[in-house]
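Asker: By the count of the working numbering, the sequence shown reaches residue 227 at its end, each step adding exactly one. We treat Cβ as the ideally placed atom computed from N, Cα and C, and that holds for glycine.
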Amino acid sequence: MRPPRPTTSRPFSEPEGTTNKHMHFEANPPEVNSGNMYAGPGPDSLWAAASAWRSLDTEMTAVQRMFNRTLLCLMDAWQGPAATQVMEATKPFVRWLAELCEQLSEVEMQIYQIERAYEWARREVVHPTQIYRNRAEKWLLINNNVLGQNNAAIADLDQEYDDFWDEDGEVMRDYRLRVSDALAQLTPWKPPPPIANKTGLVAPAPLSTVLSRTGA
12 MRPPRPTTSR
22 PFSEPEGTTN
32 KHMHFEANPP
42 EVNSGNMYAG
52 PGPDSLWAAA
62 SAWRSLDTEM
72 TAVQRMFNRT
82 LLCLMDAWQG
92 PAATQVMEAT
102 KPFVRWLAEL
112 CEQLSEVEMQ
122 IYQIERAYEW
132 ARREVVHPTQ
142 IYRNRAEKWL
152 LINNNVLGQN
162 NAAIADLDQE
172 YDDFWDEDGE
182 VMRDYRLRVS
192 DALAQLTPWK
202 PPPPIANKTG
212 LVAPAPLSTV
222 LSRTGA
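Now the structure itself:
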């Protein structure tokens, strides 16, 4: 029977409503948890994802600045009630664009948080070679235990293996919570609002009017 481990303080707590289906990491033997952490693709895919989101954030920030500059230039060349109407109609879209850029930046930041959580978990789980050595030594002792002379050593190895199991379970539990905490920071994206006034979509000005305003 595996002895209980001493209670340790944790930086994270289980979210409310956690059920047994979320406890599969703790139920896995250490060779599974450690093996998965060391046999996976590593952090490269997370770095690539963060880089892609950073590029998208940069592109959308450029779009936001260009849109704002265009509005300012339009207001310099276009005065009156119609110009005011356009500015009022575009305000929701301008706010949405600013929020979108903030959300893109948040996605990148949380991916880095997940990557750091992965690096931490990979560093903290028992190395697979330690687990393999433990099991190999146990079976070697069992095969040479005709008179029971290796019983104590076998028990020590089983105790060590149980400790490996508990250590990996705790690490993977905290890893899951760190990832869940990062994902919880992400909010759903809103669809872009139409550029419209109270009476409907703002109709574009005739080309001749635009050209006359700009002196073309």
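Could you work out which residue in PHE78, SER56, LEU108 is closest to TRP200 when comparing CA atoms only?
Answerer: Of the candidates PHE78, SER56, LEU108, the one whose C-alpha sits nearest the C-alpha of TRP200 is LEU108.
Asker: Does the region 39–52 come within contact of the region 129–143, defined as at least 3 CB pairs closer than 8 Å?
Answerer: Yes, they touch.
Asker: Do ALA61 and GLU130 have their C-beta atoms closer together than 7 Å?
Answerer: Against a cut-off of 7 Å, the Cβ pair of GLU130 and ALA61 comes out as no contact.
Asker: What does a CB cutoff of less than 6 Å around ARG187 pick up in its chain, not counting 5 residues either side in sequence?
Answerer: Here the set comprises nothing.
Asker: Quick one, which of ALA164, GLU110, ASP185 has its alpha-carbon nearest MET71's?
Answerer: Comparing Cα-Cα distances from MET71 to each of ALA164, GLU110, ASP185, the minimum goes to GLU110.
Asker: Report the CB separation of PHE104 from PRO204 in whole angstroms; it is logged as a contact under 8 Å.
Answerer: That belief holds up - the Cβ atoms of PHE104 and PRO204 are roughly 6 Å apart, short of 8 Å.
Asker: Straight-line CA distance for LEU152 to ARG133?
Answerer: About 30 Å.
Asker: Taking 8 Å as the cut-off, does the region 50–68 touch the region 112–127 (at least 3 CB pairs, one atom from each stretch)?
Answerer: Judged by Cβ distances under 8 Å, the region 112–127 makes contact with the region 50–68, as three or more pairs qualify.
Asker: Can you grab the Cα-Cα spacing for the pair GLU148 / ALA195, in whole Å?
Answerer: So the two alpha carbons sit approximately 44 Å from each other.
Asker: Exposed or buried, which one is ASN155 when buried takes at least 16 other CB atoms within 10 Å?
Answerer: So ASN155 ends up on the exposed side.
Asker: Please give me, in chain order, every unbroken run of the alpha helix (DSSP H) with length at least 4 that falls completely inside the region 65–151.
Answerer: Counting whole runs of 4 or more residues, the region 65–151 contains the alpha helix (DSSP H) stretches 92–135.
Asker: So, helix, strand or coil for TRP176, using DSSP?
Answerer: Three-state result, TRP176: helix.
Asker: Is the CB-CB distance between ARG184 and ALA128 below 7 Å?
Answerer: It is not a contact, given that the beta carbons lie outside the stated cut-off.
Asker: Under 7 Å, do LEU57 and ILE122 count as touching if we go by C-beta distance?
Answerer: Yes, the pair counts as a contact, with Cβ atoms nearer than the cut-off.
Asker: Provide the residue span of the alpha helix (DSSP H) that contains VAL43, from first to last.
Answerer: 41–50 is the extent of the alpha helix (DSSP H) around VAL43.
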